[in-house]
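The numbers in this note's numbering rise by one with no breaks, and the one at position 6 of the sequence shown is 235.
Glycine included, each C-beta is placed from N, C-alpha and C at the ideal position.
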Amino acid sequence: METGPPQLELAEYDEAGNVTATYIETGPRIDVIPPEQRKSPLLRLLDVFLPAGYPQSVTEDYLPFVTTPVPLPDRDSLQAFSSSIAGLLSSRAVLEGVGVGDANASPTAALLLSVLQESTGRIATILFAARLGTSLEPECKAWRLAADFFNDAAMILDCVSPALPRLPRVLILSFSSILRALCGVAAGSSKASLSAHFARMQNLGELNAVSHLLFYSVTL
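Set out below in structure tokens:
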């Protein structure tokens, strides 16, 4: 009685333990068998915006955190969309304030203002991180909320700056740069702590990547 060539069967699983593909080697031939239940195109599209192995790979509060459109201290919501619109308005106001569209404006003055803003922002970052760095992780929710207030206040100051005289305008724009620096430190540090809380399967790096993907998709 003749027997066929020996078979080798391998199954591929995702992080949640679901079979994603089965490979059967028969002699020189390898067959790939997809899972019996194929996902719809909509579900495959949603998988792009979710970490691999969802929902087993993250905690239960992950999805409300990234989807709730309310700036509560325990949410990193889709308010990114409204923030991006406000950012465009504040950028327009800053450009108007430094003389864009004004034939009498000095490029050197605009450059010096940019240098002043960058310098004050970096000094504020150094002082803030050195003074309050140890409190960012235990109070990550409070600092995540504070970061939203810092950013909103900075955009409001930028929007009102064109209506002010030159010297107050420079001071206001420098202060808004300081607020943005505080927002960067508070938001980045608190987000790292919150992502570590959500990660169940040592997938912290992937959660950060998915977070950036969601942010740029919403703001786009």
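Per-residue burial, residue i [other beta carbons within 10 Å of its own, 16 or more giving buried]
i    : result
R304 : Residue placement at R304 is flagged as unreliable, the pLDDT there being 45, under the threshold of 50; a coordinate-derived value is accordingly withheld.
S405 : buried
E238 : exposed
S364 : exposed
L274 : exposed
V295 : buried
F379 : buried
S286 : buried
Y242 : exposed
Cβ-Cβ distance between residue i and residue j below 8 Å
i    : j    : result
I407 : A371 : no
P264 : T249 : yes
A410 : F357 : yes
P280 : V439 : yes
S403 : L345 : yes
V389 : L342 : no
S424 : L442 : no
Secondary structure of residue i, DSSP reduced to three states
i    : result
E325 : helix
Y445 : helix
Q236 : strand
L365 : coil
F278 : coil
A334 : coil
Bridge-paired residues (DSSP) for residue i
i    : result
R258 : T255
Y291 : Per DSSP, none; premise fails for Y291.
A250 : E241
A428 : V287
Q346 : Partner(s): none; Q346 has no beta bridge.
Residue i Cβ short of 7 Å to the ligand SAH heavy atom set
i    : result
L433 : The ligand content of the structure shown is nil, which means the ligand SAH is not present either.
The stretch 414 to 429 contacting the stretch 363 to 382, beta-carbon criterion three pairs below 8 Å:
With the rule of 3 Cβ pairs closer than 8 Å, the stretch 414 to 429 counts as touching the stretch 363 to 382.
Quick one: any contact between the stretch 380 to 397 and the stretch 425 to 436, if contact means 3 or more CB pairs under 8 Å?
Result no; under three Cβ-Cβ pairs closer than 8 Å.
Touching by the beta-carbon criterion (3+ pairs, under 8 Å), the stretch 383 to 402 and the stretch 310 to 321
Look at the beta carbons and you see the stretch 383 to 402 touching the stretch 310 to 321: at least three pairs across the two are nearer than 8 Å.
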